[in-house]
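A short worksheet on the structure shown next.
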Amino acid sequence: MASGVRNGGAGVGPRMSAKLDRQSSSATPKAAAAGKPRLSSAAGAGAYRRTSSGPLPAAGGRASSESGVSSRVRVAVRLRPRNAEELAADADFGDCVELQPELKRLKLRKNNWESETYEFDEVLTEFSSQKRVYEVVAKPVVESVLEGYNGTVMAYGQTGTGKTFTLGRLGDEDTAARGIMVRAMEDILADITFETDYVSVSYLQLYMEMIQDLLDPVNDNIAIVEDPRTGDVSLPGATVVEVRDQKSFVDLLRVGEAHRIAANTKLNTESSRSHAILMVNVRRAVKGRNEMEVSISGENGHSSSMMGSFRPPIVRKSKLVVVDLAGSERIDKSGSEGHTLEEAKSINLSLSALGKCINALAENSPHVPVRDSKLTRLLKDSFGGTARTSLVVTIGPSPRHRGETTSTIMFGQRAMKVENMVKLKEEFDYKSLCRRLDIELDKLIAENERQRKYFDDEVERIRAEAQCRIAEADRECKIALENEKMKYHQEYLDSIKILEEKWKVHQQSPKKQIKEAESTSNDLLQNEKMLRQSAEDEANDLKNQVSHWKKMEATATAEAVKLRKMLDTESSQKGKLEEEIGVLRSQLLQMSLEADETRRSLDRGDGPGKIFPGLDSLVSQTRGSQPREQSNGSKQPIAKLFEQVGLQKILSLLESEEPDVRVHAVKVVANLAAEEANQEKIVEAGGLTSLLMLLRSSEDETIRRVAAGAIANLAMNETNQDLIMAQGGVTLLSMTASDAEDPQTLRMVAGAIANLCGNDKLQTRLRGEGGIKALLGMVRCRHPDVLAQVARGIANFAKCESRAATQGNKVGKSLLIDDGALPWIVKNANNEAAPIRRHIELALCHLAQHEVNARDIIIGGALWELVRISRDCSREDIRQLAYRTLTSSPTLEAEINRLGIKP
Ligand code: ADP
Ligand code: MG
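The sequence shown runs 6 to 908 under my numbering.
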């Protein structure tokens, strides 16, 4: 039936039903599977498509970052009012289309008798306001972008039908005329929080397969970069401008538009032949949600309370792309507008590739030719990707352009069949976590430094005070002694003199006086005796005083010793703290690498690339990795650089002139060596040799301690154990064992030797080069950590020996017993520290399993210990091992029976 009435009028003819049925049958299986019926069989309207009647639906359920939510591309059609020319020229003709907005239908008249009906998600008449157009076409997409999904708004249609009017009007002269770009930014700026969120834009033009920066037109061949892992596309070469207010955004659009006109004049084309692309990047912090907890582990695997736990904040990075496509009309293949045929092909390439992709997607074809043009590469996410996409097709009313109008409508119809899987663009913000960790680390370093200084000062003050007191007491004592001595000496001389005089007088006087004189002399002698007695008493008194002072001096010395011990403990704590900081640094470094990785993969659209700050700053990086500067240029694969060149550089720093740098470098190497994954690389790069050299040549206690620790870590692996032996490592470790005073250094050295002790093949050589003697020598330092390592080494060694014996290898007395380990073993078999005791218990069991050692075990008193272990050991497996060992050795069993004891 003819339907000659433009509004209302005739119903739907059979042709149209047939057409809609055809659409029905071509619904993609994907859409059907997604449970989204695209056509309904509702009564009345029959086979008409019934889609949502309101605006395009806003972002639905929150998509997890893994799987998306199915969402069809939404398509609206907009009819431009007749323009002045059409009013005049087409005055006698009706429009070629008739709209039924309430039914969301469009009738396209083929001629006076026939028309075809198409259904769209939204039908916008010539009277639709710009505000309404924004609300139905773009607003749901903008809201979606603000929630963290990518979004696309695109206009397609013949030149002059209102694409730019719809998208790009600035509304300077009339606010009501503002287009989608301006209104979208208004909504974005109204919703975001500037303290935590970030909005930036890039504005580009695509013409003849060249991408030109409309904000910096000199930049006219921008490359598209694709992340090989995620497939995300970005334009790292494009200018990115942060937007904080509406006015500056409108100014940017104005600048871009001016550049577009200037560029097109120069290229001798019209803007209708180029595609304009506005990209708005939105980065928002997600508040109150943390899904991952990164806890920093201390040296022993315990979570360090000092470090606490750090949770990386979550950010959503979404992108709104607004595309004002080139006019959809075909250009003359013979080269209109003064172009050659090749140029003409190139001009059309992107648009026709877009059509082909949409056809392929609509037909669910296995191959979608995305790579055929730059436009389709850029819009990869918009069609068949993860973005929420809304398309507005613009048409004019004139019957003269019926052909173009039909093809525009068909394009829109096909686009409606494209199904996207929208996904939330959410990720962890490692960069800001890194910054926070950095601050925390700096605080800890500063606090540690202050405490150290305070402690050193305090120790110095107490020592000075004690010395002062001792010196003063000494001096006073000497003076008092001297005075007393002189006084008594004088008194003694005086009395002698008196006696001599008296004696003379007595000699000269008559005999009668003799008796008198004798009695006087007796008196004097008596007197003298008493004087002597009191002098002696006083001397004793003084001696007591001296001994009192000496006691005081001893107390002061004891106090000084105590302080020194405190100093030792403090410095060992400091060492541990430093190691913890080291671990933290290496984790920080690792996180920076991960953050870089993440940034590289996900952050491409953010703007210009970053440059690795260079190898010379490696040390300063590990000291506190500052956020790296951004600069133009391509990104370096930092992880690779670190592996290939960074390690060499760090190792070369081990020989630096600067003692500080050396200390730091050896710490970095030690931290790397703590990771099993790095050990092989370190050894390959000559790190083991460098560390051994450092152990031999360095005077610095810290360097020796850290180097020994790194060697101990490397010595966990059998290949490295061979290398350590081959490079004379045992002799070096033994030398350090006898030289070093610091318990932590000794612990590292003992740990390294203990690891070597566990290697079956190295037993004889290790012992020959003094390894066991060195181990035993270190027990002079009574620190329990050192003793635990020594005990572990002995247990390892004894285990290898007993293993060799059970495998029937050469049978000789234990080298451990030969080297005199037994007395120490017996003495510490019941050590109160559990790690020491366990190792020694095991060592004893291993030694006793070998019959040739039995006599030494009996003589050395170890039998009693074994009996005790078999009875009392709290660990059942060791208790049983000891029991089995005792009962399976004839010599030991005989002795037990002889003594009448029971294991
Ligand atoms: P295109 O970008 O598709 O080539 P334009 O947006 O430049 O088309 O529009 C061409 C002309 O039509 C312009 O003068 C524009 O102002 C006018 N125009 C387009 N759409 C409308 C509309 N809906 N209402 C009024 N005028 C319009
Ligand atoms: Mg235009």
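For each residue, glycine too, the CB sits at the ideal point set by N, CA and C.
Is it a yes or a no for the segment 400-412 touching the segment 77-93, going by three-plus beta-carbon pairs under 8 Å?
yes
Complete runs of the alpha helix (DSSP H) confined to the segment 791-876 [at least 4 residues]
820-823, 827-833, 839-853 and 859-864
From the DSSP output, in three-state form, read off V245 for me.
Residue numbering aside, residue 245 sits at position 240 when the sequence shown is read from its first letter. Three-state DSSP puts V245 in coil, outside helix and strand.
Where does R335 sit, in a helix, a strand or coil, going by DSSP?
Along the sequence shown, read from residue 1 onward, the residue named residue 335 stands at position 330. Looking at R335 - three-state DSSP - the assignment turns out to be coil, as it is neither helix nor strand.
Quick one, are the C-beta atoms of L904 and G865 less than 7 Å apart?
Counting from one through the sequence shown, the residue named residue 904 turns up at place 899. Counting from one through the sequence shown, the residue named residue 865 turns up at place 860. Result no, Cβ atoms of L904 and G865 do not sit closer than 7 Å.
Going by the C-beta, is K430 closer than 6 Å to any heavy atom of the ligand MG?
Along the sequence shown, read from residue 1 onward, the residue named residue 430 stands at position 425. Answer for K430: no, Cβ out of range of the ligand MG.
Quick one: what does DSSP say E124 is sitting in, helix, strand or coil?
Numbered from 1 along the sequence shown, position 119 holds the residue referred to as residue 124. In this structure, E124 counts as strand in the three-state DSSP scheme.
Compare the C-alpha of S207 against each of D499, V245 and A349 and name the closest.
Counting from one through the sequence shown, the residue named residue 207 turns up at place 202. Checked all of D499, V245 and A349; the closest Cα to S207 is V245.
P895 beta carbon less than 7 Å from that of A838
Reading the sequence shown from its first residue, position 833 is the one you call residue 838. Reading the sequence shown from its first residue, position 890 is the one you call residue 895. Result no, Cβ atoms of A838 and P895 do not sit closer than 7 Å.
Skipping 5 residues on each side, what residues in its chain have a beta carbon closer than 8 Å to that of Q217?
The residue labelled residue 217 in the question sits at position 212 within the sequence shown. Cβ within range, chain order: L209, Q210, L211, N224, D225, N226, I227 and A268.
Distance, Cα to Cα, L486 vs E465?
Counting from one through the sequence shown, the residue named residue 486 turns up at place 481. Counting from one through the sequence shown, the residue named residue 465 turns up at place 460. Each residue's Cα considered, the two are about 32 Å apart.
Let me know if G614 comes out buried or exposed under the rule of 16 or more other beta-carbons within 10 Å of its beta-carbon.
Here residue 614 refers to the residue found at position 609 when the sequence shown is read from its first residue. Since pLDDT at G614 reaches only 29, below the 50 mark, its modelled position is unreliable, and no value is offered.
When burial is assigned at 16 or more other CB atoms within 10 Å of the CB, is S514 buried or exposed?
Here residue 514 corresponds to residue number 509 of the sequence shown, with the count starting at 1. The residue in question, S514, is exposed, as its Cβ has fewer than 16 Cβ neighbours within 10 Å.
State the beta-bridge partners of D528 as determined by DSSP.
Walking along the sequence shown from the start, residue 528 turns up at place 523. D528 pairs with nothing; no bridge assigned.
Close-in-space but distant-in-sequence residues of the same chain around T562 (CB under 7 Å, 5 per side omitted):
Here residue 562 refers to the residue found at position 557 when the sequence shown is read from its first residue. There are no such residues.
Residue span of the beta strand (DSSP E) that contains G162, given as start and end
Locating residue 162 in the sequence shown gives position 157, counting from the first residue. Where G162 is concerned, the enclosing beta strand (DSSP E) stretches over G156 to G162.
Just reading off the beta strand (DSSP E) that E660 is part of, what are its end residues?
Within the sequence shown, residue 660 is the residue found at index 655, counting from 1. No beta strand (DSSP E) contains E660, which DSSP labels as neither H nor E.
Taking the C-alpha atoms as reference points, what is the distance between E119 and K112?
The sequence position of residue 119 within the sequence shown is 114, counting from 1. The sequence position of residue 112 within the sequence shown is 107, counting from 1. Straight-line Cα distance between these residues: approximately 10 Å.
Note down, one range per segment and in chain order, each alpha helix (DSSP H) of at least 4 residues found wholly within the segment 150-229.
168-173 and 185-196
Three CB pairs or more closer than 8 Å across the segment 228-247 and the segment 176-194:
no
I'd like to check one pair, I758 with G798: are the Cβ atoms closer than 7 Å?
By one-based count along the sequence shown, residue 798 stands at place 793. By one-based count along the sequence shown, residue 758 stands at place 753. Cβ distance < 7 Å, so G798 and I758 count as in contact.
Residue span of the beta strand (DSSP E) that contains S355, given as start and end:
Locating residue 355 in the sequence shown gives position 350, counting from the first residue. It is not in any beta strand (DSSP E) - S355 instead sits in the alpha helix (DSSP H) that spans L346 to A367.
Less than 8 Å between the CB atoms is what I'm expecting for I352 and M213, so what's the real figure, rounded?
Locating residue 352 in the sequence shown gives position 347, counting from the first residue. Locating residue 213 in the sequence shown gives position 208, counting from the first residue. Sure, about 6 Å apart at Cβ, within 8 Å.
Is L366 near F388, with beta carbons less than 7 Å apart?
Position 361 of the sequence shown, counted from the first residue, corresponds to residue 366. Position 383 of the sequence shown, counted from the first residue, corresponds to residue 388. Yes. Within cutoff.
S277: CB within 6 Å of a non-hydrogen atom of the ligand ADP:
Working through the sequence shown from its first residue, we reach residue 277 at position 272. At least one heavy atom of the ligand ADP is nearer than 6 Å to the Cβ of S277, so yes.
Rounded to whole angstroms, what is the Cα-Cα separation between G99 and R288?
As a working mapping, residue 99 is identified with position 94 in the sequence shown. As a working mapping, residue 288 is identified with position 283 in the sequence shown. Cα to Cα, the separation comes out at about 50 Å.
Should A682 be labelled buried (16 or more other beta-carbon atoms within 10 Å of its own) or exposed?
On the sequence shown, residue 682 is found 677 positions in, with the first residue counted as 1. A682 should be labelled exposed.
Around the C-beta of C786, are 16 or more other C-beta atoms found within 10 angstroms, so that it is buried, or is it exposed?
Taking the sequence shown and counting its residues from 1, the one referred to as residue 786 is at position 781. It is buried - the Cβ of C786 has at least 16 other Cβ atoms within 10 Å.
Boundaries (first-last residue) of the beta strand (DSSP E) holding V510
Counted from its first residue, the sequence shown places residue 510 at position 505. That residue, V510, is in no beta strand (DSSP E); its alpha helix (DSSP H) goes Y435 to Q513.
Nearest-angstrom Cα distance between H280 and Y161?
On the sequence shown, position 275 is the one that residue 280 refers to. On the sequence shown, position 156 is the one that residue 161 refers to. If I take the Cα positions, the gap works out to 10 Å.
Check M426 in the structure and name its three-state DSSP category.
In the sequence shown, counting from the first residue as 1, residue 426 sits at position 421. In this structure, M426 counts as strand in the three-state DSSP scheme.
Does the beta-carbon of M190 have 16 or more other beta-carbons within 10 angstroms, so that it is buried, or is it exposed?
Locating residue 190 in the sequence shown gives position 185, counting from the first residue. Its Cβ being crowded by 16 or more others within 10 Å, M190 is buried.
According to DSSP, simplified to helix, strand and coil, what is K109?
As a working note, residue 109 is residue 104 in the sequence shown. Of the three classes helix, strand and coil, the one that applies to K109 here is coil, per DSSP.
Who are the Cβ neighbours of K292 in its own chain at under 8 Å, not counting the five residues just before and after it?
Residue mapping note: residue 292 aligns to position 287 of the sequence shown, counting from 1. Once the five neighbours on either side are set aside, the close Cβ partners of K292 are T201.
What's the gap between the Cα of P317 and the Cα of K430?
The residue labelled residue 317 in the question sits at position 312 within the sequence shown. The residue labelled residue 430 in the question sits at position 425 within the sequence shown. Cα to Cα, P317 sits roughly 16 Å from K430.
Output the distance between the C-alpha atoms of F199 and K448, rounded to the nearest integer angstrom.
By 1-based counting over the sequence shown, the position of residue 199 is 194. By 1-based counting over the sequence shown, the position of residue 448 is 443. Distance between the alpha carbons of F199 and K448 is about 28 Å.
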